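Encoded as C-alpha cells, the structure appears first; notes follow it.
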C-alpha cells in the first residue's frame with residue numbers, strides 16, 4: 460500500500476485528509492487542526508514541515524505539500540527533497556498560483572488553482588451545451604421528458620437523468636412514453652430500479668406541462684405519438700437524422716453509441732453526484748445500445764461507463780440481464796428460423812402475426828449468429844402494422860440508410876449502420892377479411908423492397924397490381940434517424 464503524508468495547515472489540509480481514499484498521515488504545526496483531525500480518526504503529528512530533520516524518520520511514498528504561503532510551500536518542498544528524496548512530491552501552488560516560481564522545479568507535480576479555474580472556464584466557453592441547457596430548464600416550470608415509443612433502456616435512462624438534472628434548477632420533470640415496455644429485460648430494468656415513468660394514452664394532451672423534451676429521438680410525431688406540431692424545447696439524441704431539428708436546445712451527436720453517454724457528460728460538467736439508481740440505469744442503457752460495447756461504440760462511451768461503475772449497483776445489473784424469457788418469444792424465434800429466406804449473405808424472415816414486438820429484434824440478433832450471414836431482417840404484424848427489425852455486420856452496407864430508402868415513404872424507418880427498423884401501417888390492406896391472402900403480400904413487400912435497395916435498384920412497387928387503389932410509393936418521406944424497431948434491441 461502506498462504510504463501518504465500530507466504537510467501543511469489550514470482548511471485545505473483538513474479537506475484532503477478527510478476525503479482521501481485510504482489511510483493518510485498529516486504533519487502540521489497547527490495544534491487546533493491536529494486536535495480536530497485526531498478526533499476524526501486521522502493520524503496526525505505536530506511538526507514543522509519546513510524542517511528536514513523532523514521529516515527524516517518517515518517512511519512514505521507520496522507527499523502532499525498544502526500551504527497557501529509561497530515561502531512556506533517552497534521551504535516545505537525543499538525539506539521533503541532533503542529528507543525524503545525518493546518520495547513523489549505533489550505541491551499546491553497557492554491561491555495566487557506559483558507555477559512560474561522555483562516550486563515548479565522541485566515538485567513532481569504542481570497543482571495550480573489558477574490554471575485549473577482557467578481550464579474549467581475555457582471548457583464552458585468552448586463546449587457550451589450545459590449552460591444553454593441550464594438556461595432552457597430554468598425557463599420551464601414543468602417539463603415532460605418524452606422517450607420514443609416502447610422505450611428501450613437508453614431512452615428510459617436518458618429521460619430519468621434529464622429529469623434529475625431539471626430538478627436541480629427547480630424544474631419539475633416527469634418521464635413519459637407511449638406504447639408498452641414489454642421486453643423482459645426492460646421490465647426487469649424498470650421494476651428493479653423502481654424508476655418512475657408515466658405511460659401516456661394515445662391522443663393525450665400535455666396541457667399540464669409548459670415544456671417538452673425529447674430523448675433518444677429527435678422529432679415530435681416520429682416514433683412517438685405526440686402531434687407533429689408539438690413545440691419542443693429540448694432534444695438530446697445520438698441517432699443520425701436527415702432533416703433539421705427544431706427546438707430551443709438541440710444536442711444531436713451520432714458519434715457516440717448511446718444517448719446515455721451525453722447525459723453522463725452533462726452530470727459530470729454540472730459537478731453533480733450521480734445517484735446509484737441513475738448510475739445503474741445509465742450504465743445499462745450504454746451497455747444495451749452498444750451491445751456490450753461491441754457495436755457503434757466510441758471512446759466517450761467507455762469513459763462514461765468508467766464514470767458510472769463506482770456508483771452503479773452491479774448486483775442489480777446482473778439481475779436485470781438475467782430475466783426469464785416468455786414462450787411467445789421462443790415461438791417467434793422458431794418461426795424466424797423455420798421460415799427464413801436466404802439471399803446471399805442476407806436472411807429475411809416473416810413471422811406472421813405476433814403479440815410481442817420485442818421478439819423481433821431478439822430474433823434478428825440471434826439469426827445474425829448463423830454462419831455466412833451478414834444481415835438479418837425479421838418482420839411481423841401487430842394490429843394492422845408491420846414491424847421490421849434488422850441487424851447487420853456486413854462491410855459497405857449502411858443498414859439505417861437502406862431501411863430508410865426501402866420503407867421511409869410507407870411509414871417510419873431508419874437507424875444506425877448496423878441496427879435499424881421500420882413501422883409500416885398496412886391501411887386498407889390490413890382490413891382484408893382473408894388474413895391468409897395478407898401474409899404473402901407483406902412478405903413480398905418487405906423482402907423485395909429491401910433486396911431492391913441493397914442491389915441498388917429502385918424499390919419494388921408494393922403490390923399495387925394486386926390491390927387497386929392502395930399506393931404506398933408516394934407520400935412524404937417519414938423516415939427517422941432512430942431505430943424504429945422495438946426497443947432498439
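In the numbering used here, the protein residues as written are 460 to 948.
Glycine included, every Cβ here is placed at the ideal spot set by N, Cα and C.
Predicted, not measured: the structure shown is a model, and the values here were computed from it.
Rounded to the nearest angstrom, what separates residue 912 and residue 827 at their Cα positions?
In the chain shown, residue 912 corresponds to position 453, counting from 1. In the chain shown, residue 827 corresponds to position 368, counting from 1. Those two C-alpha atoms are separated by around 20 Å.
Going by other Cβ atoms of all chains shown within 10 Å of its Cβ, with 16 needed for buried, is residue 927 buried or exposed?
One-based indexing of the chain shown puts residue 927 at position 468. Residue placement at residue 927 is poorly supported in this model, since its pLDDT is 37, which falls under 50; the coordinates still yield a value, given next. Label assigned to residue 927: exposed.
Does residue 477 come out as helix, strand or coil in the three-state DSSP assignment?
Indexing the chain shown from 1 puts residue 477 at position 18. Secondary structure of residue 477 (DSSP, three-state): helix.
So, are the CB atoms of residue 725 and residue 624 less than 8 Å apart?
Position 266 of the chain shown, counting from 1, holds the residue named residue 725. Position 165 of the chain shown, counting from 1, holds the residue named residue 624. For the 8 Å CB-CB criterion, residue 725 and residue 624 form a contact.
With DSSP as the reference, label residue 865 as helix, strand or coil.
Position 406 of the chain shown holds residue 865. When secondary structure is reduced to three states using DSSP, residue 865 falls in the helix class.
Let's test the definition: count the other Cβ atoms within 10 Å of the Cβ of residue 923 and tell me whether it reaches 16, buried, or not, exposed.
The sequence position of residue 923 within the chain shown is 464, counting from 1. With a pLDDT of 42 at residue 923, under the threshold of 50, the predicted position of this residue should be treated as unreliable, though the coordinate-derived value follows. Within 10 angstroms of the beta-carbon of residue 923 lie fewer than 16 other beta-carbons, which makes it exposed.
Whole-angstrom distance between residue 615 and residue 781, CA atom to CA atom:
Start at 1 with the first residue of the chain shown, and residue 781 comes out as number 322. Start at 1 with the first residue of the chain shown, and residue 615 comes out as number 156. Between residue 781 and residue 615, the alpha-carbon positions lie close to 19 Å from each other.
Using the Cα positions of residue 702 and residue 472, report the straight-line distance between them to the nearest angstrom.
For the purposes of this step, residue 702 is identified with residue 243 of the chain shown, where counting begins at 1. For the purposes of this step, residue 472 is identified with residue 13 of the chain shown, where counting begins at 1. Whole-angstrom Cα-Cα distance: 54 Å.
Flag this pair as yes or no: are the beta carbons of residue 850 and residue 861 separated by less than 8 Å?
One-based indexing of the chain shown puts residue 850 at position 391. One-based indexing of the chain shown puts residue 861 at position 402. Result no, Cβ atoms of residue 850 and residue 861 do not sit closer than 8 Å.
From residue 859 to residue 607, what distance separates their C-alpha atoms?
Taking the chain shown and counting its residues from 1, one reaches residue 859 at position 400. Taking the chain shown and counting its residues from 1, one reaches residue 607 at position 148. One Cα belongs to residue 859, the other to residue 607, and the distance between them is close to 17 Å.
If we call anything under 8 Å between Cβ atoms a contact, is residue 506 one with residue 538?
Translated into positions along the chain shown, residue 506 becomes position 47. Translated into positions along the chain shown, residue 538 becomes position 79. Cβ distance not < 8 Å, so residue 506 and residue 538 don't count as in contact.
Ignoring anything shorter than 4 residues or poking outside the stretch 729 to 760, list the alpha helix (DSSP H) runs there in chain order.
Entirely contained in the stretch 729 to 760, the alpha helix (DSSP H) runs reaching 4 residues are, in chain order, 735 to 748.
Nearest CA to the CA of residue 814: which residue from 572, 804, 825 and 842?
Taking the first residue of the chain shown as 1, we reach residue 814 at position 355. Looking at the Cα atoms, 842 is the closest of the given residues.
I want to know whether the stretch 797 to 812 touches the stretch 872 to 883 - three or more CB-CB distances under 8 Å.
Touching, no.
Could you give the distance in angstroms between the alpha-carbon of residue 479 and the alpha-carbon of residue 523?
In the chain shown, residue 479 corresponds to position 20, counting from 1. In the chain shown, residue 523 corresponds to position 64, counting from 1. Going by the C-alpha atoms only, they are around 12 Å apart.
Within the chosen definition, does the stretch 705 to 721 reach the stretch 641 to 648 through at least 3 CB pairs nearer than 8 Å?
Because the criterion of three Cβ pairs below 8 Å is not met, the stretch 705 to 721 and the stretch 641 to 648 do not touch.
Quick one: measure Cβ to Cβ for residue 613 and residue 744, integer angstroms, because I've assumed they're closer than 8 Å.
Start at 1 with the first residue of the chain shown, and residue 613 comes out as number 154. Start at 1 with the first residue of the chain shown, and residue 744 comes out as number 285. Right, their Cβ atoms sit about 4 Å apart.
According to DSSP, is residue 648 part of a helix, a strand, or is it coil?
The sequence position of residue 648 within the chain shown is 189, counting from 1. Correct three-state label for residue 648: helix.
Identify whether residue 659 lies in helix, strand or coil by the three-state DSSP scheme.
The count along the chain shown starts at 1 and reaches residue 659 at position 200. For residue 659, the secondary structure class from DSSP, reduced to helix, strand or coil, is strand.
Reference residue 830; option with closest CA among 801, 776, 837 and 639:
What you label residue 830 is simply residue 371 of the chain shown in a count that begins at 1. Of the candidates 801, 776, 837 and 639, the one whose C-alpha sits nearest the C-alpha of residue 830 is 801.
Looking at the structure shown, is residue 668 part of a helix, part of a strand, or coil, going by DSSP?
What you label residue 668 is simply residue 209 of the chain shown in a count that begins at 1. Coil.
Within 10 angstroms of its Cβ, does residue 823 collect 16 or more other Cβ (buried), or is it exposed?
Here residue 823 refers to the residue found at position 364 when the chain shown is read from its first residue. Label assigned to residue 823: buried.
Span of the alpha helix (DSSP H) around residue 594
In the chain shown, residue 594 corresponds to position 135, counting from 1. Taken as a continuous stretch (DSSP letters only), the alpha helix (DSSP H) holding residue 594 covers 588 to 597.
If you count every other CB in all the chains shown that lies within 10 Å of the CB of residue 594, and 16 or more means buried, which is it?
Position 135 of the chain shown, counted from the start, is the residue given in the question as residue 594. That one is exposed.
Closest to residue 914 by C-alpha separation, out of 885, 900, 817 and 857, would be which residue?
To locate residue 914, count along the chain shown from 1; it is residue 455. Residue 914 has its Cα closest to that of 857, out of 885, 900, 817 and 857.
So the alpha helix (DSSP H) residue 710 belongs to, where does it begin and stop?
Within the chain shown, the letter at position 251 stands for residue 710. No alpha helix (DSSP H) holds residue 710; the beta strand (DSSP E) holding it covers 708 to 711.
In three-state terms, what does DSSP make of residue 633?
The count along the chain shown starts at 1 and reaches residue 633 at position 174. It is a strand residue.
Rounded C-alpha distance that separates residue 776 from residue 536
As a position in the chain shown, residue 776 is number 317, starting the count at 1. As a position in the chain shown, residue 536 is number 77, starting the count at 1. Those two C-alpha atoms are separated by around 47 Å.
Is the beta carbon of residue 436 less than 8 Å from the beta carbon of residue 750?
Lying outside 460 to 948, the shown extent of the chain, residue 436 is not represented and no answer is given.
Give a yes or no on whether the C-beta atoms belonging to residue 534 and residue 509 are separated by under 8 Å.
In the chain shown, residue 534 corresponds to position 75, counting from 1. In the chain shown, residue 509 corresponds to position 50, counting from 1. Against a cut-off of 8 Å, the Cβ pair of residue 509 and residue 534 comes out as a contact.
Own chain partners of residue 489 with C-beta closer than 7 Å, once the 5 adjacent residues on each side are dropped:
By one-based count along the chain shown, residue 489 stands at place 30. Result list for residue 489: 468, in chain order.
Could you pull the start and end residues of the beta strand (DSSP E) that residue 604 belongs to?
Position 145 of the chain shown, counting from 1, holds the residue named residue 604. Bounds of the beta strand (DSSP E) holding residue 604 are 601 to 606.
For residue 812, which of helix, strand or coil comes out of DSSP?
Residue mapping note: residue 812 aligns to position 353 of the chain shown, counting from 1. Strand, per DSSP.
Starting from residue 523, follow its DSSP beta bridges and name the residues at the other end.
Here residue 523 corresponds to residue number 64 of the chain shown, with the count starting at 1. Residue 523 pairs with 465 and 549.
Reduced DSSP category for residue 510 - H, G, I as helix; E, B as strand; rest coil
Stepping through the chain shown from its first residue, residue 510 is reached at position 51. Correct three-state label for residue 510: coil.
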